[in-house]
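**Q** I have a structure I would like to understand better, so I am pasting it below and will then ask my questions one at a time.
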Amino acid sequence: MTTILHLTPAAYFRAQPDSAPYLPAAFAADGFIHCTREPEVLLQIANNYYKRERGDVLVLVIDPAKVKAEVKFEGPNPPPDPSSPLAEVIFPHIYGPLNRDAIVEIRAAKRAADGTFMSV
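Numbers in the numbering used here are just positions in the sequence shown, counted from 1, shifted up by 5.
Structural data, given as structure tokens:
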């Protein structure tokens, strides 16, 4: 099974009702759920965008074959600097709520004391 990965603050995820599909806080502004296929890319994204996030951060492991919303594979949005290693990465974006049965695993990202992500 090929999976895709999504980062979310643990407190935010746990505050959402288990009976409802998951939507990240940024969904209204972005119009989709940001995901990636490669753990090393997710680790880079975690350190670029979530390092200052207080508290635990979860990695949602998602089976894209079970996602009811449309999944599109696209370039980064917003586009990074062209010299960034992320500029050439194709990302899976979920264009709608994430049905909970598509989440096949939830794990905690590992961080150093300064907030740097060590593994996802």
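No residue lacks a Cβ here, since even glycine has one placed at the ideal position from N, Cα and C.
Tell me the DSSP bridge mates of I50?
**A** The count along the sequence shown starts at 1 and reaches residue 50 at position 45. According to DSSP, I50 bridges with nothing at all.
**Q** Determine contact between the stretch 68–82 and the stretch 15–25, defined as no fewer than three beta-carbon pairs at a distance below 8 angstroms.
**A** Cβ pair count under 8 angstroms is below three, so no.
**Q** Any idea which residues DSSP pairs F122 with across the strands?
**A** Within the sequence shown, residue 122 is the residue found at index 117, counting from 1. Partner(s): R116.
**Q** Suppose only complete runs of 4+ residues qualify. What are the alpha helix (DSSP H) ranges in the stretch 21–45, listed by chain order?
**A** With a minimum length of 4 residues, the continuous alpha helix (DSSP H) runs that stay inside the stretch 21–45 are 32–35.
**Q** So is P197 buried or exposed if we call it buried at 16+ other beta carbons inside 10 Å?
**A** Coverage of the chain is limited to positions 6 through 125, which leaves residue 197 absent and any answer about it impossible.
**Q** Under three-state DSSP, which class holds K1?
**A** The requested residue 1 is not part of the displayed model; the chain covers only 6 to 125.
**Q** The ligand ZN and V46: does the residue's C-beta get closer than 8 angstroms to at least one heavy atom of that ligand?
**A** This structure simply doesn't include the ligand ZN, nor any ligand for that matter.
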